[in-house]
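Q: So the sequence shown is numbered by this note's numbering: it starts at 711 and just counts up by one. Just so you know, even glycine gets a beta-carbon here, dropped at the ideal spot from N, CA and C.
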Amino acid sequence: MSSQDEKYALCYHATKKAMMNTYEDLVGIIQKGNPHNLPDPKLQLQFLSGWMQVIQGIEDSYNVDGRDKIKTIIN
711 MSSQDEKYAL CYHATKKAMM NTYEDLVGII QKGNPHNLPD PKLQLQFLSG WMQVIQGIED
771 SYNVDGRDKI KTIIN
């Protein structure tokens, strides 16, 4: 793997981790009744889930390392 490929992989995993952290934050906010009055956290969670499913599809298609599997929302 070239240094450029390593850079892309590190950035990819950092972005995925940030998305998963945001997912966890939104779930917690919803469970606590949205104490900070965020604009529609359930809708935000649905948008985020859609993007996370795209990422999972890419990983599945290219057999990318599956650590930190993407979470899906069950409504």
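Could you pull the start and end residues of the alpha helix (DSSP H) that His723 belongs to?
A: 713 to 741
Q: Is the stretch 723 to 737 touching the stretch 752 to 759, taking contact as three or more C-beta pairs under 8 Å?
A: yes
Q: Reducing DSSP to helix, strand and coil, say where Val774 ends up.
A: Here Val774 carries a coil assignment [DSSP, helix/strand/coil].
Q: How about Ile740 and Pro749: are their beta carbons less than 7 Å apart?
A: no
Q: So for Pro745, helix, strand or coil by DSSP?
A: Pro745 falls in the coil class under three-state DSSP.
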